[in-house]
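Asks: The UniProt record's numbering puts the sequence shown at residues 1 to 144.
Ideal Cβ positions, reconstructed from N, Cα and C, are used throughout, including at glycine.
Have a look at this one.
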Amino acid sequence: FQSGMQTLRQIEFSLFDMLLHTEHNPAQDIMPLLDQVRREVAVLQPPAFSRTAHTFSHIFAGGYAAGYYSYKWAEVLSADAYAAFEETASDGLPSIETGRRYRQAILEAGGSRPAMESFKAFRGREPNLDALLRHQGMAEESAA
1 FQSGMQTLRQ IEFSLFDMLL HTEHNPAQDI MPLLDQVRRE VAVLQPPAFS RTAHTFSHIF
61 AGGYAAGYYS YKWAEVLSAD AYAAFEETAS DGLPSIETGR RYRQAILEAG GSRPAMESFK
121 AFRGREPNLD ALLRHQGMAE ESAA
């Protein structure tokens, strides 16, 4: 329910965080930057008195500097990886071979190589967001 709104809200936070830590002059007020981001991505504009950014501790005190996007990126990766199991299931049961490939490519490799290499080793391609959109009800099931 309202997956699109929730996704846009996370994109708003992510873009604000990224711009704040890459292009913003710290001597200036942050609200014009947030207003700019909201004009670009928000469906509903909050009232002018809203100062959500001032209490957004994730990007100021939580060690996420320009990394808040990782929440949504993790959802893309997990949905796409899960889709591999959906695609290879037989009679509703997960494929043992898919589980083996996941274990070898992702779990066994651990931090020994870049995460993107591990993902590509498992899926045979770069991640895409189709599975996330489908799982969140924002895209139709594809006809197989």
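Would Met31 and Ala53 be called neighbours here (beta carbons separated by less than 8 Å)?
Replies: Going by C-beta atoms, Met31 is nearer than 8 Å to Ala53.
Asks: Are there 16 or more other CB atoms within 10 angstroms of the CB of Phe119, so buried, or fewer, so exposed?
Replies: Buried: at least 16 other Cβ atoms inside 10 Å.
Asks: Suppose you measure from the CA of Ala74 to the CA of Phe49; what does that come to, to the nearest Å?
Replies: Using only the alpha carbons, I get a separation of about 32 Å.
Asks: Which partner residues of Leu20 appear in the DSSP bridge assignment?
Replies: For Leu20, which the question treats as bridged, DSSP gives no partner whatsoever.
Asks: Assuming contact is defined by CB atoms lying nearer than 8 Å, are Ala83 and Phe122 in contact in what I supplied?
Replies: No, the pair does not count as a contact, with Cβ atoms beyond the cut-off.
Asks: Would you check if the distance between the CB atom of Val41 and the CB atom of Leu77 is smaller than 8 Å?
Replies: Cβ distance not < 8 Å, so Val41 and Leu77 don't count as in contact.
Asks: Under the three-state reduction of DSSP, which class applies to Asp70: helix, strand or coil?
Replies: Strictly speaking, residue 70 in this sequence is Ser, with Asp absent from that position. Correct three-state label for Ser70: helix.
Asks: If you check the beta carbons only, do Met18 and Tyr71 fall under 8 Å apart?
Replies: In this structure, Tyr71 does not lie closer than 8 Å to Met18 by Cβ.
Asks: Which residues mark the beginning and the end of the alpha helix (DSSP H) in which Gly99 is found?
Replies: Residues 96–102.
Asks: Give the DSSP-derived three-state secondary structure of Ser142 in the structure shown.
Replies: Correct three-state label for Ser142: coil.
Asks: In whole angstroms, what separates the C-alpha of Pro46 from that of Leu107?
Replies: Approximately 42 Å, taken between the alpha carbons.
Asks: Rounded C-beta distance between Thr22 and Ala66? I'm assuming under 8 Å.
Replies: Indeed, because the Cβ distance is near 6 Å, the residues count as touching under 8 Å.
Asks: For a test of the three-state rule: what should DSSP assign to Leu33, helix, strand or coil?
Replies: DSSP places Leu33 in helix when its eight states are reduced to three.
Asks: Can you give the Cα-Cα distance for Gly110 and Arg51, rounded to whole angstroms?
Replies: Cα to Cα, the separation comes out at about 40 Å.
Asks: Give me the Cα-Cα distance between Ala81 and Gln136, rounded to the nearest whole angstrom.
Replies: Between Ala81 and Gln136, the C-alpha separation is close to 15 Å.
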